[in-house]
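Let me begin by presenting the structure, written as structure tokens, before commenting on it.
What follows is the structure, given as structure tokens:
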């Protein structure tokens with residue numbers, strides 16, 4: 132059965148009569164069946180080509196086996212699909228509307244089209260909507276998709292003046308200022324810098340929900356942030372928008388790890404970008420094991436001019452699937468030597 | 061879960077508001093701790109919405125201290141609870157005066173005096189939402205309050221130990237200000253005769269409205285004296301399978317807008333009994349489609365009928381718990397239904413041994429808090445469960461995975477109240493009324509420029525012209541410009557389309573939908589561009605914000621429409637194409653029905669624009 136929102140459901144589904152398990156099962160992909168147990172396969176048609184994939188796969192995975200590159204924004208291998216960005220939609224024969232490839236499970240006999248006129252229009256519009264309302268300057272993937280589908284975000288008119296600091300938080304559900312349509316509403320607003328480790332630039336937020344998932348029960352179980360507000364005024368927020376140091380945040384940085392647009396960014400990266408010294412092309416990436424504890428998470432150190440500028444973890448890392456803690460994520464300053472703080 | 065809670069604490073009022081829902085805090089019991097593996101339907105998160113209601117109606121807003129206390133009692137992260145509270149239009153997350161006037165400025169009221177009320181209030185109280193720190197009173201604009209037959213409408217409320225809410229319609233600005241003169245006392249507006257809402261009252265041949273106006277809505281005795289609970293007794297005699305058989309035979313389809321065969325849902329939920337012993341029944345009474353008020357009238361005038369219908373549905377499909385989710389803007393219906401549930405429980409018509417038999421079913425009533433989207437069934441589940449009212453992706457459908465992850469039967473109020481008749485007189489006789497594909501009778505909500513606005517019941521098959529005639533013809537100037545059917549998510553029709561049969565198949569044949577059966581004519585004095593802009597604003601306000609096509613699409617739609625009607629040369633040329641493309645992506649790629657239909661009324665009106673313009677008196681905003 133397909134996974135559904137809210138994601139709590141999965142963890143709670145157990146036989147009524149069975150005793151409560153006492154050890155919580157960590158979230159993540161379902162373990163592969165032991166070798167030798169064949170998984171049933173289903174047959175479907177993708178763009179006229181027949182493909183056989185294991186039962187329970189998603190349409191996205193089926194597309195991948197055929198080498199079809201499906202754009203995704205809110206999807207990430209190590210999180211449950213929330214299917215909110217709708218850029219991965221495909222045309223399913225017999226369905227009234229398009230369906231999200233990232234979450235829709237394959238069924239025998241399905242026929243889908245991934246590049247029809249309808250699909251291309253929806254993908255282009257979604258990308259235009261995002262690029263016309265959000266600053267996508269640090270989201271190269273999104274920009275590449277926009278180009279692929281020929282999006283013209285500028286056709287909605289010049290951007291409305293950015294909001295002042297704190298203004299987006301005053302929005303009330305169900306109320307908005309009247310518009311004359313001469314400018315296009317955006318989520319532009321000042322960057323939130325309230326701690327030394329990472330910044331939150333919600334003018335770049337496409338509301339993919341991934342940071343909320345990572346902060347919540349799919350990785351950190353801290354629940355410092357959630358989606359607040361409604362409609363276009365929806366936003367990622369702490370309770371009453373309190374600064375991060377007052378919130379439940381433990382600075383694991385897993386939200387930065389999953390952010391697709393650079394809205395959440397290491398302070399170190401943000402400062403270097405502001406100073407114009409951030410040179411991604413020149414950076415070297417080196418994998419190592421985190422030195423702090425016995426868990427043994429893989430760290431990818433991003434090094435520029437012989438200095439570590441940020442740390443990430445590969446998503447296919449089998450220990451924690453790309454998630455880290457504050458030490459692995461931020462605690463590498465000591466490597467840079469004494470007297471070179473910050 | 062280790063909760064991190066900021067320093068603010070609740071004051072006495074806030075504490076007692078939370079305790080009124082959750083019971084007093086017992087120091088010895090570690091009540092806030094529940095095993096993370098506990099079944100979600102056994103956790104107390106589903107009490108979040110009632111707790112938020114209690115706080116908001118006690119102090120007028122939800123303070124950080126109050127939310128902290130609620131979170132510690134419910135073991136919920138404050139960020140999540142804040143996100144939920146901030147989702148609803150009726151809650152305030154910043155200090156607000158205790159007394160609030162909500163003035164409906166939606167389409168039906170817009171053409172019947174709402175602008176004048178708003179202007180008057182703005183003159184007296186300042187712009188909507190504004191209030192001096194010391195002020196006791198503020199006012200807000202509201203989407204449709206479901207009182208369209210008595211437009212213009214307003215909802216007045218005052219928070220406090222004796223909080224009250226009251227709908228006033230028809231309202232004048234002076235009435236509203238007078239009602240709020242002493243906010244500590246609930247105003248007693250003059251009683252409104254039922255015939256104002258149900259002009260057909262007392263006529264022979266009515267089925268659903270048969271008893272409206274002829275019985276005391278508060279009286280179980282009256283309900284029993286007029287045939288109440290006969291259907292339940294018969295249903296118990298028939299047994300679940302034969303009751304479901306009758307519903308299938310009746311060919312009853314859902315009246316909430318989606319027109320899904322009710323019998324198929326019932327059967328699916330009943331069949332799930334072997335694998336899923338716990339199943340739920342939900343009555344969708346979140347009637348929020350602009351122009352719709354039929355469910356309100358049924359709930360206010362004949363509450364026991366709905367309770368009996370839910371009981372039959374629950375017993376037939378084997379759901380032991382029902383939830384009645386009613387929109388927050390219906391205080392009178394909420395009061396009467398709550399009373400009816402208590403009475404029914406007291407007299408053994410609900411609870412553990414219904415009719416003194418080994419039959420168990422009970423109903424919990426839940427109030428929405430100002431969110432149109434919560435009428436979408438899966439958003440409604442999330443709202444009951446204490447999450448943001450964001451729709452879930454389908455499949456899986458509610459009959460497989462619904463409320464608390466269990467198979468769930470969701471039916472609209474009007475769908476359910478058809479059940480007693482089907483049980484008593486048989487599915488076949490029900491199916492004999494109406495047309496072969498639209499069986500039974502239908503309630504239509506007539507408002508706008510019509511002679512006698514109100515709820516009308518007719519057998520399926522009547523045309524749009526028949527309905528207008530029944531309701532006293534076109535009102536206003538008497539010269540028709542266009543008719544909106546199905547509400548804000550519906551379709552505009554031109555006077556040339558009045559012979560359209562108001563059936564599911566008849567409306568579908570011309571690319572329209574019956575929706576929630578709104579019929580709202582506009583005379584030739586109305587500037588339809590204002591109506592369209594209000595509809596666009598409505599969808600922008602009510603989009604939940606979850607998926608991109610709807611969250612941004614509803615904004616871009618309103619902007620493009622403003623450019624089109626603003627007459628400002630810049631960008632006007634592109635607007636029609638943009639609107640068409642925005643409409644297509646919303647209907648193709650949105651998660652739920654709100655997005656799918658958010659452009660429907662606008663697109664249908666633009667398609668008939670030249671016809672409308674020709675009919676309009678001297679107005680030509682489209683040139």
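Protein chains in written order, with the working numbering: chain U, 132 to 473; chain H, 61 to 683.
Where is the CB? At the ideal position from N, CA and C, for every residue including glycine.
For clarity, every value in this text was computed on a predicted model and none was experimentally measured.
Spanning the alpha carbons of residue 256 (chain U) and residue 293 (chain H) requires a straight line of approximately 56 Å. Within 7 Å of the CB of residue 147 (chain H), the CB atoms of chain U belong to 304, 361, in sequence order along the chain. Shown here, residue 396 (chain U) sits in a strand according to DSSP, grouped into three states. Shown here, residue 276 (chain H) sits in coil according to DSSP, grouped into three states, outside any helix or strand.
Secondary structure note for residue 235 (chain H): its alpha helix (DSSP H) is the uninterrupted segment 233-239.
In this structure residue 253 (chain H) is exposed. Its beta-carbon is surrounded by fewer than 16 other beta-carbon atoms within 10 angstroms. Between the alpha carbons of residue 646 (chain H) and residue 349 (chain H) lies a gap of roughly 18 Å. Restricting attention to H:556, H:346, H:277, the CA atom closest to the CA of residue 396 (chain H) is found in H:277. Where residue 666 (chain H) is concerned, the enclosing alpha helix (DSSP H) starts and stops at 660-667. One alpha carbon belongs to residue 164 (chain H), the other to residue 597 (chain H), and they sit about 14 Å apart. In this structure the stretch 381-390 of chain H lies against the stretch 422-431 of chain H, because at least three pairs of beta carbons, one per stretch, are closer than 8 Å. At a beta-carbon threshold of 9 Å, the residues of chain H lying near residue 214 (chain U) are 453, 607, 651, ordered along the chain. Looking at the backbone, the Cα of residue 107 (chain H) and that of residue 555 (chain H) are separated by about 49 Å. For a Cβ distance threshold of 7 Å, nothing in chain U lies close to residue 111 (chain H): the least Cβ distance comes to about 15 Å. Interface criterion met: the Cβ of residue 622 (chain H) is under 7 Å from a Cβ in chain U. Sixteen is the threshold: when 16 or more other Cβ atoms of the shown chains lie within 10 Å of the Cβ of residue 261 (chain H), as they do, the residue is buried. When DSSP states are grouped into helix, strand and coil, residue 438 (chain H) belongs to the helix group. With contacts defined by Cβ atoms closer than 7 Å, residue 626 (chain H) and residue 311 (chain U) form a contacting pair. Distance from the Cα of residue 115 (chain H) is smallest, within the candidate group H:135, H:71, H:138, for H:71.
Taking 8 Å as the upper bound for CB-CB distance, residue 282 (chain U) and residue 258 (chain U) are in contact here, some 5 Å apart. Under the Cβ distance rule, residue 577 (chain H) does not count among the residues neighbouring chain U, no pair being separated by less than 7 Å.
DSSP places residue 201 (chain H) in no alpha helix (DSSP H) but in the uninterrupted beta strand (DSSP E) bounded by 197-202. When 7 Å is used as the limit between beta carbons, residue 358 (chain U) is near these residues of chain H: 143, 448, in chain order. Your pair residue 217 (chain U) and residue 609 (chain H) checks out as a contact, with CB atoms roughly 5 Å apart and the cut at 8 Å. A Cβ of chain U is located within less than 7 Å of the beta carbon of residue 64 (chain H).
In the displayed model, residue 463 (chain U) falls within coil according to three-state DSSP, outside both helix and strand. The Cβ neighbour count for residue 354 (chain H), taken over all protein chains shown within 10 Å, is at least 16; the residue is labelled buried. Apart from the 5 residues on each side of it in sequence, residue 280 (chain U) sits with its Cβ closer than 7 Å to the Cβ of 251, 254, 255, 258 in its chain, given in chain order.
In the DSSP assignment, residue 359 (chain H) falls within the unbroken alpha helix (DSSP H) covering 354-361. Between the beta-carbon of residue 214 (chain U) and that of residue 349 (chain U) there is about 15 Å, and that puts the pair past the 8 Å contact cut. Judged by pairs of C-beta atoms under 8 Å, the stretch 352-366 of chain U touches the stretch 123-143 of chain H, as three or more such pairs exist. Using beta-carbon distances, residue 126 (chain H) does not count as an interface residue toward chain U, since no partner is under 7 Å.
By the criterion of at least three beta-carbon pairs nearer than 8 Å, the stretch 543-555 of chain H is in contact with the stretch 572-584 of chain H. Only those residues of the stretch 309-334 of chain U whose C-beta falls short of 9 Å from the nearest C-beta of chain H are listed: 309, 310, 311, 312, 313, 314, 315, 316.
Sixteen is the threshold: when 16 or more other Cβ atoms of the shown chains lie within 10 Å of the Cβ of residue 217 (chain H), as they do, the residue is buried. Using a C-beta cut-off of 8 Å, the stretch 167-187 of chain U makes contact with the stretch 231-243 of chain U, since at least three inter-stretch Cβ pairs fall below that distance.
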